[in-house]
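In this text, residue positions in the sequence shown follow numbering that gives the first Met the number 0: the first is 0, and each later residue adds one.
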Amino acid sequence: MSKLSNFLGKGKEYKIGVNKLEIYPLKLKNIDLVASMDSNNAKHNSEMMKKLIEVTLKDAVPDASDEEIQNFSVTHFKEITEAIMDVNGLAPVKSISPHVRSLLMCQSMLDDPSKQPGDIADEIDKLMTPQILNRFRSLINEVLNNNA
């Protein structure tokens, strides 16, 4: 192996939900997921974060199906993003504004066609502050009603 083998990312074990997962740092080929995030474009950031989580989960659980990864519950959003940030030596998740974090979570829930309005509201209740919760509840209901 070359000298670059010393620079391969080492995984670190994190508890996500009830399971322990070995989370690995991003590879150079995935740097665009972080580098292209723009705090002024929440939808783009949401998509990049979703892809970042997908890549991380696929590396952590190589035998996981795409469907399993797509159904990863947003109730574990905080745990997985904190693990990703930590293992990559990036700023902690708490430095992301609560509004951006909430938009990311809402986008993931709204993208899941199997979610019913009540399911989404229950998950949001677990994740958000009351101020953000009220703001996004009305947005979610509006989007769901427009898509019905």
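Where a beta carbon is used, it is the ideal one built from N, C-alpha and C, also for glycine.
What did DSSP end up calling residue i once you bin it into helix, strand or coil?
{"i": "K77", "result": "helix"}
{"i": "K57", "result": "helix"}
{"i": "I15", "result": "strand"}
{"i": "L3", "result": "helix"}
{"i": "I83", "result": "helix"}
{"i": "I22", "result": "strand"}
{"i": "K50", "result": "helix"}
{"i": "A41", "result": "helix"}
{"i": "A34", "result": "helix"}
{"i": "L89", "result": "coil"}
{"i": "K9", "result": "coil"}
{"i": "N70", "result": "coil"}
{"i": "D65", "result": "helix"}
Is the Cβ-Cβ distance between residue i and residue j less than 9 Å?
{"i": "I22", "j": "H75", "result": "no"}
{"i": "N20", "j": "Y13", "result": "What sits at residue 20 in the sequence shown is Leu, not Asn. Yes. Within cutoff."}
{"i": "A82", "j": "K11", "result": "yes"}
{"i": "K183", "j": "P24", "result": "Residue 183 lies beyond the range of the chain shown here (0 to 147); nothing can be said about it."}
{"i": "P33", "j": "N70", "result": "A small fix is needed here, since residue 33 is Val in this sequence, not Pro. It is not a contact, given that the beta carbons lie outside the stated cut-off."}
{"i": "V60", "j": "E66", "result": "no"}
Contact between the segment 16-32 and the segment 48-58 (3+ Cβ pairs under 8 Å): By the criterion of at least three beta-carbon pairs nearer than 8 Å, the segment 16-32 is in contact with the segment 48-58.
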